[in-house]
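Numbering (our numbering), first residue to last: 71 to 251. Before any comments, here is the structure.
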Amino acid sequence: MARIDVNEFNRRMREAQRKAEEQLKREVDRVNRINKQRVDEYNRKAEAHNRKVVADYNARVRDHNRKAEAHNQKVIADLNRQLRSVSASTRYTEPERQLADRVYRAVAAIDPREYDAFLSYARIDGAQAAGDLRTHLENLGVAVWFDEVAIVPGRSQSLQMDAGLRKARAGIALLTPAYRR
Numbered sequence: 071m072a073r074i075d076v077n078e079f080n081r082r083m084r085e086a087q088r089k090a091e092e093q094l095k096r097e098v099d100r101v102n103r104i105n106k107q108r109v110d111e112y113n114r115k116a117e118a119h120n121r122k123v124v125a126d127y128n129a130r131v132r133d134h135n136r137k138a139e140a141h142n143q144k145v146i147a148d149l150n151r152q153l154r155s156v157s158a159s160t161r162y163t164e165p166e167r168q169l170a171d172r173v174y175r176a177v178a179a180i181d182p183r184e185y186d187a188f189l190s191y192a193r194i195d196g197a198q199a200a201g202d203l204r205t206h207l208e209n210l211g212v213a214v215w216f217d218e219v220a221i222v223p224g225r226s227q228s229l230q231m232d233a234g235l236r237k238a239r240a241g242i243a244l245l246t247p248a249y250r251r
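Right, here's the structure in full:
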């Protein structure tokens, strides 16, 4: 009967175990590399898909915003046209007209102010907009106190502005970035 050398047996077992561990490690590394490649590929596809979905959504939002802006511009233009036009279709009964005339005369007698509105603005960046606003208001029949017209050179500007405020029924502040400083 052959005798088994225990030391040789243990050495061979350790060597077989080491080879098996190295082979297992190589196989695990190979599977991990394949899985990483698959995950990276999936992530690339998901990212491309997400970019496309976001781009499509943004395009729809831009299209919606363009349509909304066009609609809003159309509504604003229509409202401005209605405000500018004299409504010939409105008919008042004689008692309504007489009442309106009495109210108009009573208000005119009660409030002796010269202006309907006092227009305040920062000259540094609001002069053009204020001039345009004044023109539009006056076209609508509103009497506007406006510094370029009302202030007399050589006299106190602040006193003239205070007098203009007292003579106006309402105040309009045209807020521009310079006005708030």
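Note that CB positions come from ideal geometry on N, CA and C, so glycine has one too.
Would you list the one or two residues that DSSP bridges to residue i?
| i | result |
| --- | --- |
| residue 190 | 243 |
| residue 127 | Its beta-bridge partners do not exist; DSSP assigns none. |
| residue 174 | DSSP output for residue 174 lists no bridge partner at all. |
| residue 109 | DSSP lists no partner for residue 109. |
| residue 214 | 187 |
Got a sec? Which residues, its chain only, sit under 6 Å from residue i by beta carbon, not counting five neighbours each side?
| i | result |
| --- | --- |
| residue 188 | 215, 234, 235, 238, 241 |
| residue 186 | 212, 213, 239 |
| residue 112 | none |
Return the first residue and the last residue of the alpha helix (DSSP H) that residue i is part of.
| i | result |
| --- | --- |
| residue 218 | 217 to 220 |
| residue 234 | 227 to 236 |
Going by Cα to Cα distance, which pick from the options is closest to residue i?
| i | options | result |
| --- | --- | --- |
| residue 191 | 132, 110, 203, 76 | 203 |
| residue 184 | 94, 194, 209, 220 | 220 |
Leaving aside the five residues before and after residue i along the sequence, list all residues of the same chain whose C-beta is less than 8 Å from its C-beta, in chain order.
| i | result |
| --- | --- |
| residue 116 | none |
| residue 162 | 170 |
Using a Cβ-Cβ cut-off of 7 Å (strictly less than) and excluding sequence neighbours within five positions of residue i, which residues of its own chain qualify?
| i | result |
| --- | --- |
| residue 227 | 221 |
| residue 77 | none |
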